[in-house]
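Below is one structure; the comments refer to it alone.
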Amino acid sequence: MIAAIPVPKHDVRVGAPINPTTTRGYDIMLSMKFDKIEDFKAYLAHPKHIELLRRYGPPLLRDMISYQIDGTAPTSKL
């Protein structure tokens, strides 16, 4: 269903954690990359995305964490 949302996105991944004891109870992860912030905002507002949230979000999912990372920041030297 994510593929049906006509917004440029890539590197879409979903999976379970390798070590669930470190995830504070979360048992699935979904990530994807967008080339531009405008693409991300269009994805969030798209009716099919809203439909996905209604179908698979709360109350089906007890808890959910959502956050965004700015991948344009300089690379760490760690």
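Residue numbers (the working numbering): 1 to 78. Ideal Cβ positions, reconstructed from N, Cα and C, are used throughout, including at glycine. Bear in mind that the values here come from a model prediction, so they are computed numbers and not experimental data.
Of the residues the options, the one placed nearest residue i, counting alpha carbons only
i	options	result
Pro-17	His-10, Asp-11, Gly-25	Gly-25
Val-12	Met-29, Thr-72, Thr-22	Met-29
Gly-71	Phe-34, Thr-23, Ile-5, Thr-22	Phe-34
Pro-6	Ser-31, Tyr-43, Pro-59, Thr-22	Tyr-43
Lys-41	Pro-58, Gln-68, Pro-59	Gln-68
Alpha carbon of residue i to alpha carbon of residue j, nearest angstrom
i	j	result
Asp-39	Lys-9	8 Å
Pro-20	Ser-66	18 Å
Asp-27	Ser-76	28 Å
Ala-3	Leu-52	12 Å
Ala-45	Asp-63	21 Å
Leu-61	Met-32	19 Å
Arg-55	Thr-23	24 Å
Buried or exposed (CB count within 10 angstroms, at least 16 for buried), residue i
i	result
Val-14	exposed
Integer Cβ distance of residue i from residue j, believed to fall under 8 Å
i	j	result
Lys-48	Met-1	7 Å
Interface flag, residue i vs chain D, CB-CB below 7 Å
i	result
Glu-38	Within the model displayed, chain D is absent; a lone protein chain is all it includes.
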